[in-house]
Each structure stands twice: as structure tokens, then as C-alpha cells.
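In our numbering, the protein residues as written are 16 to 777. First the structure, in the form of C-alpha cells, and then the observations on it.
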Amino acid sequence: MLELPDVTLCCIDTANHALALRALRISTSAVRFARTLFITDRDPGEAGIDYRIVPPIASRDDYSRFVLKSLLSHIETTHVLLVQWDGYVINPDAWRADYLDCDYLGAKWFWHNDAMRVGNGGFSLRSRKLLAALQDPRIVLTEAEDVTICRAFRPLLEREHGIRFGTEAQADSFAFEAAYPVGFPFGFHGLFNFCRVVPPDELAALVRHFTPSIARSPQLAALARNCLALGQWSPAAAIFQRILDETPDDAAAAAGLATASTNAVALPAVGRNDPCPCGSGKRYKHCHGAVGAASAAAGTVVATAPQTPSARPSIEQRLGTALAAHQRGDVRVAEAIYREVLDGEPTHALAQHYLGVIEYQRGDLAAAVPRLEAARDAVPAEPEFHGNLGLAYAAANREADAIAAYRAAIALKADHAIAWNNLGLALQSQNDVAGAIDAFRQSIAHKADFANAHWNLSLALLLDGQFAEGWREYEWRLALPELGRGRHVFPGPAWDGVVTQGKTLLLYAEQGIGDAVQFVRYAPALAASGAKVVIHCAPPLHSLLASVAGVAQVISGNMALLRYDAHFPLLSLPRHFATTLATIPSKAPYINVAPERRAAMRAIVAAQPGRLKVGLAWAGNRSHTNDRNRSLHVSTLAPLFDVEDIAWFSLQQGDAAVQVASVRGAARMLALSPTAPLDDTAALIAELDLVISVDTSIVHLAGALGRTCWVLLPFAPDWRWLLRRDDSPWYPSLRLFRQSALRDWAGVVARVATALRARTLH
């Protein structure tokens, strides 16, 4: 018997009494806790279980608020193991003493890719110290309570309360939910996992306890599909029937019931090396056995029931190790194991698929696509196989195939939030903005806290000119580690939007140079309303942003912060000002360059032969997510160099600058030093007659300086350039040249060359 004298076992449930009591009984069958506590709305009548009566909990939010703010008063031990009716202890031998070093420990969220992946709350260990910290009035419910604790307020909890979150390695041995379990963890969460932990006969009998809300849930539908795939015919039939009791018109459930009922009568038990009972002609391990392993690893739900490591077939042990290594980023180990498995079983779908994922991740699409296609063809019922293949298709510029793959994943799993999000991205790449918006909304409907989908929705709405909702959704960027979260942490209060005369407001630029230049235009309005505006930005922007009217001071690099009254992200100002297309502050120039720098550049420009002085930039930052579509090789611009009477100046920085040496006509461009400061680039732009550039910070500098700029845009542009127009409400001096078809730069360059010839004639 495992002794945990410092831990209270607790379940909070006023809707599923019998199932909650079952979870408590199972959890205490081999573990002695300091106390077993059931917080419910009635006397459970169960010996050995303390209970506390509370009013019925009507919603998920009510449950979350109770856990956040009320659970503390019921817990006296140093820790509480919080379980739910669909999550409990299954392997006491997996307990580790170091779990008690954590203030929070739960299963990983596999769909996140950052340092805050440990967090599922359905089966979680929490310290009393954490429960006390949650009384901080700044901590308010944000989506579910586990998201509130482990993502929205984790930085605050760590920084100001010293809360310690478990590591991913601890989480892997502690519990599993949606990700494939490595070994046999201490506990689990998720109704869809019952096929792994509940014997089939018991599972079939449990169905009578499933309430109408459970019967209508996507989790029960997923469990039914999992039982079907694993050949657990009796529970599959019972579950499908329960679903039909509540939703008689559910065609998928009716079909599942027919299949399960037929097989329950006709098909015998089957071993891994026996012919699969589905009639495919394959061995079970290559058919429905492979489906089980594949789906669980992919983070859907299907898998073989947990066993002790010694009982599990060696191939599953190896794949479990590989998947764990893959998830933590140890690709070398994962790839070696996938290849080892394929050496013995060349058609093993799971190994084939995830080796293809590695090849996709490293950019080897020639190898990845056929491998992912083979895995999909072997297991066409696995939604993740379609979804990951869609990613590879998209990377290979096969947009139509990517859309078809995502739709196939969704057809198999209608609540697949990630597939809906990826479908939205693929649709937007074809300028089907209405379809993209609908797909992002579907993704959010199935996963309300999916920050990436909210962010993508914001960009699609803004591209479509739907600014009011677009600015609201745009705030989700601050929840993304690659954009906002954790990158700009300033002490003191965030600005509440109320301008107080004489108060200092710190505005910080949390994205790239172009974004800072675009949105600093709001500083004069803030200053005019009485705020003292201080800007925090990257060092290259220091003097340029300091030239903006109303900016009292600029802080950059390692400069010490001044005293300020509140801080606010620069890119949230359009929402604060309720910006519409008609109210964009577009007066330019609003950035200026030091007169001495301009004078120096004026002399350089004047010394070059050619009546028209034109600057050119053809590539942006290679780390930009859409750089392969927005940037080009300077050779594509060769027709421009045939236009006579032009003095060319390179505004290109970075690796792409060296391309000029091999292109006819480009070599005569005068270029700034690769180490030239941004101020010099801005000074040069200010003295040119025209700038021609792809969508980079050069465009924003030209627009902010009020200089004429022709922008070369991909077929699916960034949101700020809107659609179906050749001008910009953000920068009146810009003219937009758009691709008329995907990747058709030749057509854009031809139109620019024609316009350039016309310009030189005047």
C-alpha cells in the first residue's frame, strides 16, 4: 500500500455522483491518503469518505472558480490530488517522491510547443501554497482553471509567489491525457481513455451511469470510436447505443453500433499476429492494432490499454520511447528508433508516419510527403495522419492537396481544432478569406483557449477590413510565446486605457521593426491627450522613434527603465483608439531623420548618374513564417534593370544582399555597408525618388517618411495591405502591386517595369 500522509485526495462533482465515487474508490484501492474528500451537493453515503456539501455546480466556469478561490478552505495537508470522475490513480507503483517538490503537476498539453506544456487539471497534484497564491486578486478566471493557473498566470505565480511547476519528465510519469503514455503513469484523465484503463466488460456496464450531457459529448463519441478500433465490440455497442438514446439521428453512431453489434457476435478474440477481424486481409498489428497505436501517439485517443513495461510488446516500448523523445525535441533518438522499427516492419504505419513528420520538420519534403502518404493510405481512418500530411503538402506549396487533407482529418474527427486552424491557414493562402474566417471560428468553437486560432482569426478579420472584431482577437498575440507572452515583462500595472494628465505611459514594441514603425503613429494622439509617452524598443529604432512628435523619451537595449505609471503594448493602440479604415491616423511623415545624415546621403545620391534615383529591397527576414512567399531572389527583378536612366540603390540587408553579384544589371547598384545603422537606411530612403520593395520594414520606413514606395505583394498578402486595392490607408505614399496568382512574381515585375518606364518619361 502506497502511503501519502501529506496528500488529500479530492473530487469536486455535483452531477456524476456514482462515477465520482468510483474514481475515489479506485484511487484509494492501493493508496492510503491523509484524507479522501468528496465535495458534492448530497451525502454520498460512502464509508471512509469525508464530504462537504455545496450548492450544485452548474457549469465548467463555476467549477473552475470553485477550484481557484474556494478549494483552499477545504485542504489542510501540504498537497491535494485533485481528480475527476474521468481521471484517477491507475498505477501506484509509478509514484515518485519528487512529485511533492512541485506546487502543480498534471499531464502535458501536447498541442502547445513552449515551456508551459505541463498543466492538465483533470488529474493534478497541487500544493496548499499554490491554493493560497491563487487568492491573489489579480488572478481571475481565464478559460478553464488549469489554463488560468498554468498558462495565463503562470509567470506571475512563479515570479511573485515562488510557485514551482513540474517538469515535462515528471508529467510524463505522473499522468497522461491526450498524449501517448510512456510506460504506465500514476494516473490519467479523459473519458476517451477508458478503453485503455477499464476492462471491456466493466466499461460496457458503466454506460448506464453516463448522463445525457456525457452521452452528447465529443469525448464519449471518441471513446466509442476507440473501442471500435481496438475490437472492444461489447463496450463499443453499448456506448454507441447510449449516444443514440440522446441523439437518435446521429448517423455515425448508428453505423458504429451496427459494426460493433455484428462483430460482437461474429468475431473471435484476436492476437497481434493473427489476421485482423475487420476482413482487410492484414495482420491485426498492421491494421486495427496499428490504428490504436498510431492514434494514441498522435495525441488523438486510440491506444492499447496500459500495461507494465515488462508486459508490453517490445515494439510498443520502443515507439513509446521514440515518441517521448520526439515530443521533447530529441529528434536524433526518435529518428533512430523509428528507422529501427521500420527495419523490422517496413510498413509499420506509426513509425512510417512519425519518421515522415521528422523529415517534414527538417524540410526534407521529397522524403516526407511519400512517407506520410504511405502511412495515411495504410491507416486512412486516423485523422492525425491526414492532418500532418496536410502540413507537408502546405510546405510543398500544394495548397489544394493540403486543404483536402485537413478536410479529411475533420471528416474523421469533427472537433479537431488543430485541423480546423490549419485548414483556415490553407484557405487564406488561396485568398479564400471568408472560408478561412469560418474555419478559424470552428477551431475556436472546439477549443476556446486555442490562442493560435484566435490570432489567425484576427489576421483574417483585419485583412477583410473587419477591424472592430479583428482588434479584439489581435490581443491573443500576447498569449503566444513567439509573439508576446513572456517576452516583454514589465513591473507595475498595465494601462487601463484611461489617460491621466501628466502620467507617464510606457509603450513597448513587442514585434518587428516594421510593426513598431507602423504603430508608433498613435503616440502623438496620446501625448495630445495629456500622457507623457515613453517608448521601449530595439536599439536600431532608438533615434527614429525619438523623432516622433509627442514621444518624450525612448529606452532601448540595456538602458535603465524610468519611472512610469503604467505600461502598454504598442500594437494594442489601434484597439484602444477603436481604429476603423476611415480613422487610421495616416498623416506622413511622422518619423524624421537627423538633418546631417540626410545631407550626407543627399550628396551620395546626387553623385550617381541617372535621372531617377530608385532604392530596391527584395527579401525580408528569413525567419518570418511567410518569408518563402513574400521574398524573392534579385534575379527575378532583372527586367527592371533594363529600364534606362535610373540610378539604383540597394536597400537590402542580410544574406540576400550578396545575390547582386551574379545578376545582370544588379551589380551596378550602390549599396550601403552591411553594418550600416537603420538611421542611414532611413536617410537614404528620404533622399530617393522612389523605393521598390517586397513586404519588409523598408516599406514601413518609406511610408512613415512619406516617401513614394511601390510594394511587391504575394497573392495572399499580410493583413495590413487588405485586399483588392492598390493603395494603403496606412501610408498614402504607397502603391501596391499584387500577384494575380500564387507565386506569380513575373507578372508583378512586368507591371512594375511598365510603370517604371512611364515614370522615367515624365
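Here a beta-carbon is modelled for each residue, glycine too, at the ideal position from N, C-alpha and C.
query: Bridge partners for His551 per DSSP, in chain order?; result: Tyr523, Ile570
query: Ends of the alpha helix (DSSP H) at Phe255?; result: 248–261
query: Using 9 Å as the threshold, is the C-beta distance between Glu525 and Leu586 below it?; result: yes
query: What residues in its chain sit with their C-beta under 8 Å from that of Ile68, if we drop five residues either side in the sequence?; result: Thr55, Asp56, Arg57, Asp58
query: With burial defined as no fewer than 16 other Cβ atoms inside 10 Å of the residue's Cβ, what is the status of Asp101: buried or exposed?; result: buried
query: Quick check: the Cα distance between Gly439 and Gln457, rounded to an integer number of angstroms?; result: 9 Å
query: How many angstroms separate the CA atom of Ala434 from the CA atom of Ala424?; result: 7 Å
query: Given Gln322, which residues of its chain have a CB within under 8 Å of its CB, disregarding the five upstream and five downstream residues?; result: Confidence at Gln322 is low in this model, with a pLDDT of 35, below 50, so the placement of that residue is unreliable and no value is reported for it.
query: What number of angstroms, rounded off, separates the C-alpha of Thr775 from the C-alpha of Leu705?; result: 11 Å
query: Which residue wins for smallest C-alpha separation from Asp260, given the options Ala236, Asn241, Thr274?; result: Ala236
query: Determine whether the beta carbon atoms of Leu652 and Val764 lie at a separation below 9 Å.; result: yes
query: Could you tell me the distance, in whole angstroms, from the CA atom of Leu588 to the CA atom of Gly177?; result: 33 Å
query: From Leu387 to His368, what does the alpha carbon distance come to, in whole angstroms?; result: 5 Å
query: Measuring straight from C-alpha to C-alpha, what distance separates Val155 and Thr163?; result: 7 Å
query: What do you reckon, are the CB atoms on Ala778 and Pro250 nearer than 9 Å?; result: The structure shown has nothing for residue 778, since the chain only spans 16 to 777.
query: Could you tell me which residues DSSP puts in a beta bridge with Thr182?; result: Bridge partners of Thr182: none, in fact.
query: DSSP on Phe199, reduced to helix/strand/coil?; result: coil
query: Hey, how far is the Cα of Ala349 from the Cα of Ala417?; result: 26 Å
query: Taking Asp642 as the reference, give the member of Asp733, Ala719, Phe482, Asp694 with the closest Cα.; result: Asp733
query: Return the chain-ordered ranges of every alpha helix (DSSP H) run that is complete within the region 628–665 and spans a minimum of 4 residues.; result: 642–645
query: Which class does Ser5 belong to by DSSP, given the choice of helix, strand or coil?; result: This structure cannot speak to residue 5, because the chain is shown only from 16 to 777.
query: Apart from the five residues on each side of it in sequence, which residues of its chain come closer than 8 Å, Cβ to Cβ, to Ala10?; result: Because residue 10 is not part of the residues shown, which for the chain are 16 to 777, the question remains open.
query: Roughly how many angstroms lie between the CA atoms of Pro395 and Asn403, to the nearest whole one?; result: 13 Å
query: Should Ala449 go down as buried or exposed, given a rule of 16 or more other Cβ atoms within 10 Å for buried?; result: exposed
query: Among Tyr605, Ala184, Met131, Glu192, which has the Cα closest to the Cα of Phe168?; result: Met131
query: Count the other CB atoms, across all protein chains shown, that sit within 10 Å of the CB of Lys628; report buried if there are 16 or more and exposed otherwise.; result: buried
query: Tell me which residues share the same chain as Trp486 and place their Cβ nearer than 6 Å to its Cβ, disregarding the 5 neighbours each side in the sequence.; result: Pro589, Arg590
query: Looking at the strands, I want to know which residues DSSP matches up with Val514.; result: According to DSSP, Val514 bridges with nothing at all.
query: Under a three-way DSSP split, which group does Ile90 fall into?; result: coil
query: Rounded C-beta distance between Phe14 and Phe189? I'm assuming under 8 Å.; result: Given a span of 16 to 777 for the chain in the structure shown, any question on residue 14 remains unanswerable.
query: To which residues of the same chain is Leu238 closer than 7 Å at the C-beta, ignoring the five residues directly before and after it?; result: Leu206, Phe207, Phe209, Cys210, Ile254
query: Could you tell me the alpha carbon to alpha carbon distance between Arg613 and Asp742, rounded to whole angstroms?; result: 27 Å
query: Are at least three pairs of beta-carbons, each pair with one atom in the region 458–468 and one in the region 715–730, less than 8 Å apart?; result: no
query: So which of Val384, Asn412, Ala184, Arg413 has the shortest CA-CA distance to Asp345?; result: Ala184
query: Using the C-alpha atoms, what's the distance from Glu490 back to Ala593?; result: 13 Å
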